[in-house]
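Working notes, beginning with the structure itself.
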């Protein structure tokens, strides 16, 4: 059957009732659909008989009554819709039998008795009448002969003859073939087996099962055993019944159970000249295989590709032989392999002894030698040693191509092959020198005294190695003043630094890194180690901990061994972004105004600050009256100073205004604060402060919590009613007591009420240096009036900070450098705010444990470290040096015993001697 899509065959199938398929549809988009197709059968197959055994045979009783069944025809049709009918085509019985057309049962006809041993023959067929082959014929079986014998007949075997094939390694007692016969008398059958010719006792048969078994083991190679057994199987009915016989042929096949065997385990050939032509016959090997046929056919193989072997076992040389290799002989394995499945093999050892000829030239251990010599190497410095050997065993002498043992500034030793610089003044001013070296043999290897001289050459390329005696230098470091905008995203470019190193090769290759600051987690900047591009590693906040300037140190390291380093420290300015709004010094302003205040009177001054810089921090004030728009008619504000000025006589009890502080950023930021003005009677008086302002009051930053900073006092302004109440007004910034750094405690003394200002939290000069506090006092009159004063507090720095070293790095110094050579410069910073607390002095620690104290000295003011001796790397290659940074005043820290604060930098293994000249370099 064929399945079509758009007139195109997409599937073909047969003998199935249904199938499931997937096929593509040629659209822009595709999908799959499950299709079930039922195949309708066509009557295109003929029927066939399935009766067994063949030919068809049966018996009929002599006195069988009419319609007695004697046989049943059975046919089958592969078509599903079949209609089988059975017919007698030719009747050779005289009409004594008939067949039921539908059931196929053959029955007797007539009443006459059947004759004993007489054969009655019918020719029958089966037709499928569901469909015609043509207009006249149905599908049908070929004619089949049915033999019917009157009375009895001998058993019938299911096959006319039997054949079997077994391998020679068949197991004893294993089943070989089953032989079956049919009894027409429905009696038990017994089977016997008889050999014709050789083979008696080799097989036996089950008397009731008919299963033939192997009675003894076989061997195809045993000439006493035949390869084909002719047997006769006899089937005999019980109780003296009939018997019949059938031929059984059993063939024995060879199994590849024997491996080839060589005549000798070892073969040898002596005195074979190493220069014999290719294909010369050397020796012959031979192997035998006891198997037969393909199992006995042999092919030969050798394990050494210098040789080959043909089908006759003749071994020839496949390559040129060489007596100088393999100890003057070749040993390999020859294999004989049969063609069985699977194949079996046998092996033997072959040894071919060769005779030497002077046919080899000296060979250098390398064709190209590439030694390195320092640029400052001296006379007689060893460059390298060339090595050559002659496989023939000749002695080898060395020289330069063109003759002689000298070439420019180089000489070679004739016997040893050692190449040195000559013993005169040396000037290695090139990057490399190329030398052509020759090796000559003396032909003394062989008995025949062959005097032929063989030579070979090699190239020696002497590379002049740069000595790593120059540090990387940031020539433009003093000009680095980069800027980065606060809030710039992480990874923003800052500056590209560049360091140069006058050395060559890897000694002059520079890689960059950021020097980590002490006590700092991570770095604020990163640098591309190849390009020197410095980028931010965080988002900076100019008004936060980062500040306006951030120090960064970049280190350049060359790739020498050991490496040398140079550093560049510079300051990055964090430029301002308008990211902070103005902050008023208090959250709300409340003030009393006398009813008769004149126009132009300064009523109240508001104050706001902005942490941003320049225009971003410049503040302009404006005034509004959101609660009662009419209030704005009475007041105006000075935009720069913040003074609220009366511009119209007052006629109400209270005015509520709002002041906006805006910076000059682009876009600007702003903040609002409410101002409440209470109008009081011209005769009422507010409290009167002893002073309009207090201070500045100076206190040390390390005073304890609870310390009284200052005391303020005001009178009530009301006769016979001295009561007053003080309040410390919270501001909008840390400097105006937003975080309650100070608190107020009221006390009575000698008829007056005082307000003591006390420390509430520890102070730190390095964080905030000054405070301005607003104190409000109210009287106890019927109409409470208030007034304010400002207390200015200035902190004094104490020596409570310890110097911190800004970097720690490994440094190098060349051996032989003169006394006073600068090695490095250390730097420490003291965060105290004033001199001499933040003045740092440097010292080399005078301690027996400080290994480098006698070899280096340090500038007390600058931290520069210099050599005190001329170093010799062979005596010591590294020194540990401990440096102290000490500030300039007695410490204010607890338990300091009136000594300055100090810190230590231990640079163990940091000062390394670099050898100026290497005497020997081996390649």
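Residue numbers (UniProt numbering): 1 to 923. Ideal Cβ placement from N, Cα and C applies to all residues, glycine included.
Please confirm whether any heavy atom of the ligand GDP lies closer than 7 Å to the CB of residue i.
{"i": "residue 499", "result": "Among the ligands in the structure shown, none appear at all, so the ligand GDP cannot be discussed."}
May I have the straight-line CA-CA distance separating residue i from residue j, to the nearest angstrom?
{"i": "residue 799", "j": "residue 899", "result": "10 Å"}
{"i": "residue 470", "j": "residue 539", "result": "37 Å"}
{"i": "residue 298", "j": "residue 314", "result": "13 Å"}
{"i": "residue 329", "j": "residue 876", "result": "57 Å"}
{"i": "residue 452", "j": "residue 360", "result": "10 Å"}
{"i": "residue 25", "j": "residue 39", "result": "Bear in mind that the predicted position of residue 25 carries a pLDDT of just 49, short of 50, making it unreliable; the figure below should be weighed with that in mind. For residue 25 and residue 39, the distance between alpha carbons rounds to 23 Å."}
{"i": "residue 612", "j": "residue 666", "result": "12 Å"}
{"i": "residue 483", "j": "residue 623", "result": "38 Å"}
{"i": "residue 116", "j": "residue 161", "result": "28 Å"}
{"i": "residue 926", "j": "residue 901", "result": "Since the displayed the chain opens at 1 and closes at 923, residue 926 lies outside it and no answer follows."}
{"i": "residue 832", "j": "residue 768", "result": "12 Å"}
{"i": "residue 207", "j": "residue 349", "result": "57 Å"}
{"i": "residue 442", "j": "residue 390", "result": "10 Å"}
{"i": "residue 845", "j": "residue 868", "result": "15 Å"}
{"i": "residue 421", "j": "residue 415", "result": "17 Å"}
{"i": "residue 618", "j": "residue 664", "result": "6 Å"}
{"i": "residue 244", "j": "residue 157", "result": "8 Å"}
{"i": "residue 752", "j": "residue 636", "result": "38 Å"}
{"i": "residue 253", "j": "residue 58", "result": "39 Å"}
{"i": "residue 530", "j": "residue 510", "result": "7 Å"}
With a CB to CB cut of under 6 Å and the five nearest residues on each side skipped, what residues in its chain are close to residue i?
{"i": "residue 513", "result": "555"}
{"i": "residue 146", "result": "56, 122 and 124"}
{"i": "residue 859", "result": "none"}
{"i": "residue 908", "result": "The pLDDT assigned to residue 908 is 41, lower than 50, so where the model puts this residue is not dependable; a value taken from the coordinates is nonetheless given after this. Here the set comprises 880."}
{"i": "residue 505", "result": "466"}
{"i": "residue 620", "result": "639 and 662"}
{"i": "residue 569", "result": "553"}
{"i": "residue 532", "result": "496, 497, 498 and 512"}
{"i": "residue 761", "result": "741"}
{"i": "residue 49", "result": "75, 141 and 144"}
Let me check one thing: in DSSP terms, what residues is residue i bridge-paired to?
{"i": "residue 761", "result": "The partner list for residue 761 (beta bridge, DSSP) is empty, contrary to what the question assumes."}
{"i": "residue 436", "result": "459"}
{"i": "residue 477", "result": "According to DSSP, residue 477 bridges with nothing at all."}
{"i": "residue 495", "result": "534"}
{"i": "residue 355", "result": "273"}
{"i": "residue 591", "result": "677"}
{"i": "residue 69", "result": "107"}
{"i": "residue 488", "result": "The partner list for residue 488 (beta bridge, DSSP) is empty, contrary to what the question assumes."}
{"i": "residue 838", "result": "Residue 838 is not bridged to any residue."}
{"i": "residue 621", "result": "661"}
{"i": "residue 278", "result": "Its beta-bridge partners do not exist; DSSP assigns none."}
{"i": "residue 900", "result": "890"}
{"i": "residue 557", "result": "511 and 565"}
Residues in the same chain with beta-carbon distance under 8 Å from residue i, minus the five sequence neighbours each way, listed in chain order, please.
{"i": "residue 375", "result": "428, 464, 465, 466 and 467"}
{"i": "residue 456", "result": "361, 362, 363, 364, 388, 438 and 439"}
Looking only at its own chain, which residues have a Cβ that is under 7 Å from the Cβ of residue i, when we skip the five neighbours before and after it?
{"i": "residue 113", "result": "62 and 63"}
{"i": "residue 261", "result": "287, 288 and 346"}
{"i": "residue 671", "result": "581, 582, 583, 584, 608 and 661"}
{"i": "residue 178", "result": "210 and 211"}
Less than 8 Å between CB atoms is the rule here; does residue i satisfy it with respect to chain B?
{"i": "residue 827", "result": "The question asks about chain B, but that chain is absent: this structure has only one protein chain."}
Touch test, the region 708-726 against the region 644-658, Cβ-Cβ under 8 Å, three pairs minimum: Look at the beta carbons and you see the region 708-726 not touching the region 644-658: under three pairs across the two are nearer than 8 Å.
contact_flag[the region 67-75, the region 92-110] where n(CB pairs < 8 Å) is 3 or more: Contact between the region 67-75 and the region 92-110 is present, because at least three Cβ pairs lie under 8 Å.
Cβ pair count under 8 Å reaching 3, the region 826-843 against the region 738-754: Proximity of the region 826-843 to the region 738-754 falls short of the contact definition, fewer than three beta-carbon pairs being nearer than 8 Å.
Completely contained beta strand (DSSP E) runs for the UniProt domain "Cadherin" (158-262), where each covers 3 or more residues: Within the UniProt domain "Cadherin" (158-262), the complete beta strand (DSSP E) segments at least 3 residues long are 161-167, 175-178, 189-196, 203-205, 211-214, 228-237 and 243-253, listed from N- to C-terminus.
The region 585-600 / the region 729-737 touching (three or more Cβ pairs under 8 Å): The region 585-600 is in contact with the region 729-737.
At least 3 beta-carbon pairs within less than 8 Å: the region 769-781 vs the region 859-868: Look at the beta carbons and you see the region 769-781 not touching the region 859-868: under three pairs across the two are nearer than 8 Å.
Meets three-Cβ-pair contact criterion under 8 Å: the region 182-189 and the region 234-254: With contact defined as three or more Cβ pairs closer than 8 Å, the region 182-189 and the region 234-254 are in contact.
Any 3 or more C-beta pairs closer than 8 Å across the region 163-181 and the region 252-270: The region 163-181 is in contact with the region 252-270.
Inter-stretch contact at 8 Å, needing at least 3 Cβ pairs: the region 321-341 / the region 376-386: Per the Cβ contact rule, the region 321-341 is not in contact with the region 376-386 (fewer than 3 Cβ pairs under 8 Å).
Ordered list of beta strand (DSSP E) runs contained in the region 286-348, each at least 3 residues: Segments of the beta strand (DSSP E) lying fully in the region 286-348: 298-302, 307-309, 314-317 and 329-338.
The region 304-311 in contact with the region 263-273 per 3-pair CB rule at 8 Å: No: the two stretches stay apart, fewer than three of their Cβ pairs being nearer than 8 Å.
The region 813-830 contacting the region 785-792, beta-carbon criterion three pairs below 8 Å: Touching, no, given that fewer than three Cβ pairs across the two stretches are closer than 8 Å.
Touching by the beta-carbon criterion (3+ pairs, under 8 Å), the region 396-415 and the region 351-359: In this structure the region 396-415 does not lie against the region 351-359, because fewer than three pairs of beta carbons, one per stretch, are closer than 8 Å.
Contained beta strand (DSSP E) runs [length at least 3] in the region 682-750, N- to C-terminal order: Counting whole runs of 3 or more residues, the region 682-750 contains the beta strand (DSSP E) stretches 693-700, 708-715, 724-729 and 742-749.
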